[in-house]
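Visitor: Dropping the structure in here first, questions after.
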Amino acid sequence: MTAFADLRLSEPVLEALREIGYEKPSPIQAQGMPPMLEGRDVIGQAQTGSGKTAAFGVPIVEYVDPTSSDTQALVLTPTRELCIQVTQAIRSFGVKKNVEVVATFGGAPIREQISRLRSGAHVVVGTVGRVLDLIDRGALQLGSCRFVVLDEADEMLDLGFLEDVEKILRRTPNGRQTALFSATMAPPIRKLADNYLYEPEHVKVKADTLTVDSVEQFRVEVASKDKPEKLAEVIAAERPRQAIVFCRTKIGTDRLYRLLKDRGQNARALHGDLSQGQRDGVMLAFKGGRVPILVATDVAARGLDISTVTHVVNYDVPRSPDTYVHRIGRTGRAGASGRAITFVESKQTREREAIEEHIGMEITPWSAGATAVRGSAPEAPAPAEGAVEEAPAPTDDAPADASEVRRQKPRRGRKPQINRDADEPGTRIVLAPGTSAGLEVRDLVAAITEATGLDGEAVRDVLVLERFALATVPAANVDEAVDAINERAGGERPLYAEVLVPR
Ligand code: AMP
């Protein structure tokens, strides 16, 4: 199959795909969409980067009836970050059909999510705990839910959510269509599939197809005690625009982060011991380009889809070849080229060999300025160039992705021209701080209107979270509005704004 049109998708969905720059289906889409569209249950073995979100998201929006206000599809995700990304993606597929997609995740006020559900959510994307909570409160009604997707089921297993997943599945109609996506099929996941999926079609994309050919891969032989020095050398020689440095453990992540800080590096750490607010702050700073180095554990970095990452450093060799492929897939995105550098201790030769066998080539020894053979050409297309910046309509909501932020240079003292009509497109902006500074929705609206000269109605969908807030302003005015807000940031109540770039 060569085109989305061959799948007989309806015109509004095809149009949305064209606009976000998806020209032809990736392998997981080519294999997974037809059975999904036929109404069959599906097991998809694929990871982030393969295009799996569209493999289930497009069939969902194809079948959603926007004239009914019932919740017709539920997508469960292990983490809040993935929840946000999936929400944005499905929203972009369904934008021409007016499909309402609502994200529900822990760490954000439940009341706002309940009210969004009340006002109609055709598709609900949620983390396991929050979804269960919403069902228990009677806020999420699943009586008409005809699709259920379990995304990254292996992560749900690792995080201990499988029991809750089963509870949720038992609350959905028996006649539902179920899809389960997982990078690996550990026995508990297989069992879950056996119990809850009906004669599923099994589709699989080889992991090494994720090794995009835009990533140059290197290894550095180093003794454990010399790793910090070596890292400093690698960073000095490579001068990454943005790098993710992977460690195996939370403690190791924190230790390395402190060490880099002590040496004056502008780095941040991301791991499971941070509070949600702290994680938001780190994500926002990194995705916004303000921090060049992120030290992270595998779980914490899951779902990070950032096109500006130029380097991945495996400070600790990954636990498995799959993890290696997954980690290095964080760079070389959206048409950019990337470099992956893996530290290997002498006792880890076996692990290195397993990775090399998995990716089907030897990893080049690193030296300053070295070039390497790139990975095999992927079957999956790299994300279309421009897909990140030119996604269509302004997406709504999506707090943790408050992170895909374009930096703005404040321009001097101009107020935006107000020129809008009722359905004019809006652009999402992210503002800081949030409720932690005592800000409420009305404060935010007042601050924006005061600074920009926009009227209150022009500021829509305001969502205030702990450390930051989101609002939609008319697209035509957005740059000037952001500048005007930042101009005033020195005042009594500092408020900073940036444009949230949709995926
Ligand atoms: P996913 O694995 O669903 O997280 O998708 C990985 C990346 O590939 C995202 O940035 C998508 O926007 C992009 N992508 C997915 N499918 C396609 C496609 N058919 N053509 C171009 N880009 C795609």
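Positions 134 to 636 (this note's numbering) are the ones given, in order, by the sequence shown. Ideal Cβ positions, reconstructed from N, Cα and C, are used throughout, including at glycine. This one's a predicted model, so the numbers in the text were calculated from it and none came from an experiment.
Taking buried to mean at least 16 other C-beta atoms within 10 Å of its own C-beta, is Pro306 buried or exposed?
Guide: Exposed: under 16 other Cβ atoms inside 10 Å.
Visitor: Which one or two residues does DSSP pair with Gln178 in a beta bridge?
Guide: BP columns for Gln178 point to Ser315, Lys337.
Visitor: Return the first residue and the last residue of the alpha helix (DSSP H) that Gly76 is part of.
Guide: There is no way to answer for residue 76, as the model of the chain reaches only from 134 to 636.
Visitor: Grouping DSSP H, G and I as helix and E and B as strand, with all else coil, what is Arg593?
Guide: DSSP places Arg593 in strand when its eight states are reduced to three.
Visitor: Counting only runs that start and end within the region 171-252, where is the beta strand (DSSP E) found for 3 or more residues in a row?
Guide: Those beta strand (DSSP E) runs which fall completely within the region 171-252 and span 3+ residues are 175-178, 206-210, 234-237.
Visitor: With burial defined as no fewer than 16 other Cβ atoms inside 10 Å of the residue's Cβ, what is the status of Pro384: buried or exposed?
Guide: The question names Pro, but residue 384 is Ile in the sequence shown. Its Cβ having fewer than 16 others within 10 Å, Ile384 is exposed.
Visitor: Distance check for Asp269 and Pro566, CA to CA, integer angstroms please.
Guide: Taking the straight line from one Cα to the other gives about 32 Å.
Visitor: Please report the straight-line C-alpha distance between Thr311 and Gln274, rounded to a whole angstrom.
Guide: Near 17 Å, if we compare the C-alpha coordinates of Gln274 and Thr311.
Visitor: Pairs of beta-carbons, one from the region 577-590 and one from the region 604-611, closer than 8 Å: are there three or more?
Guide: As far as the Cβ criterion goes, the region 577-590 touches the region 604-611, which means the pair count is three or higher.
Visitor: How about Lys185: is its Cβ closer than 6 Å to a heavy atom in ligand 1?
Guide: True, at least one ligand heavy atom lies under 6 Å from that Cβ.
Visitor: Is there at least one non-hydrogen atom of ligand 1 closer than 6 Å to the beta-carbon of Thr181?
Guide: Answer for Thr181: yes, Cβ within range of ligand 1.
Visitor: By Cβ distance below 6 Å, which residues in the same chain neighbour Ser202 in space, the five residues on each side in sequence not counted?
Guide: Contacts found: Gly253.
Visitor: Kindly indicate which residue of Leu209, Arg600, Glu354 has the alpha-carbon position closest to the one of Leu572.
Guide: With distances taken between Cα atoms, Leu572 lies closest to Arg600.
Visitor: Would the region 444-459 and the region 326-334 be scored as touching if the rule is three or more Cβ pairs under 8 Å?
Guide: Segments in contact, no.
Visitor: Report yes if the C-beta of Ser315 is less than 6 Å from at least one heavy atom of ligand 1; otherwise report no.
Guide: Not under cutoff, so the answer is no.
Visitor: At what residues does the alpha helix (DSSP H) containing Ile322 begin and finish?
Guide: 320-329 is the span of the alpha helix (DSSP H), which, as asked, contains Ile322.
Visitor: Residues bridged to Tyr629 by DSSP?
Guide: In the DSSP output, where bridge partners are listed per residue, Tyr629 has Ala565.
Visitor: Please identify the residue among Thr475, Val234, Ile153, Leu142 whose C-alpha is closest to the C-alpha of Ser357.
Guide: Of the listed residues, the one whose Cα sits closest to Ser357 is Thr475.
Visitor: Return the bridge partner residues of Thr560 from the DSSP annotation.
Guide: The partner list for Thr560 (beta bridge, DSSP) reads Val606.
Visitor: Leaving out five residues on either side along the sequence, give the residues of the same chain with a beta carbon under 6 Å from the beta carbon of His255.
Guide: For His255, where only same-chain residues beyond five positions count, the Cβ hits under 6 Å are Val197, Gln205, Val232, Glu233.
Visitor: Nearest by alpha-carbon distance to Leu407: which of Gly421, His459, Thr430, Ala608 is it?
Guide: The shortest Cα separation from Leu407 among Gly421, His459, Thr430, Ala608 belongs to Thr430.
Visitor: Taking the beta strand (DSSP E) that Val477 falls in, what are its first and last residues?
Guide: It spans 471-477 - the beta strand (DSSP E) in which Val477 sits, taken as one unbroken run.
Visitor: Rounded to a whole number of angstroms, what is the C-alpha to C-alpha distance between Ser225 and Ile153?
Guide: Taking the straight line joining both Cα atoms gives about 8 Å.
Visitor: Here's the rule I'm using: 16 or more other beta-carbon atoms within 10 Å means buried, otherwise exposed. How should Pro321 be labelled?
Guide: Flag for Pro321 reads exposed.
Visitor: DSSP on Leu393, reduced to helix/strand/coil?
Guide: Three-state result, Leu393: helix.
Visitor: Looking only at its own chain, which residues have a Cβ that is under 8 Å from the Cβ of Gly502, when we skip the five neighbours before and after it?
Guide: Excluding sequence neighbours, Gly502 sits near Ala370.
Visitor: Reducing DSSP to helix, strand and coil, say where Gln375 ends up.
Guide: It is coil, neither helix nor strand.
Visitor: Given this structure, state the Cα-to-Cα distance separating Val146 from Ile223, to the nearest angstrom.
Guide: The straight-line gap from Cα to Cα measures roughly 11 Å.
Visitor: Look up Thr497 in the DSSP assignment and give the residues it is bridged to.
Guide: Thr497 is bridged to Phe351.
Visitor: For Ile247, tell me which candidate among Leu150, Leu267, Glu489, Lys363 has the shortest Cα-Cα distance.
Guide: The candidate whose alpha carbon is nearest that of Ile247 is Leu267.
Visitor: Any chance you could list the alpha helix (DSSP H) runs of at least 4 consecutive residues sitting entirely within the region 393-427, in chain order?
Guide: Fully enclosed alpha helix (DSSP H) runs of 4 or longer: 409-420.
Visitor: Would you list the residues sitting across from Val445 in a DSSP beta bridge?
Guide: Answer is Ile377, Ala473, bridged to Val445.
Visitor: Check whether the Cβ of Ser159 lies closer than 6 Å to any heavy atom of ligand 1, and answer yes or no.
Guide: Yes, since a heavy atom of ligand 1 falls inside the 6 Å radius drawn around the Cβ of Ser159.
Visitor: Taking 7 Å as the threshold (C-beta atoms), are Ile461 and Val445 in contact?
Guide: Yes, they are a contact pair.
Visitor: Compute every distance between the C-beta of Tyr155 and the non-hydrogen atoms of ligand 1, then say whether any falls below 6 Å.
Guide: True, at least one ligand heavy atom lies under 6 Å from that Cβ.
Visitor: Would you decide whether Ser500 is buried or exposed? Buried here means 16 or more other CB atoms lie within 10 Å of its CB.
Guide: Result: exposed.
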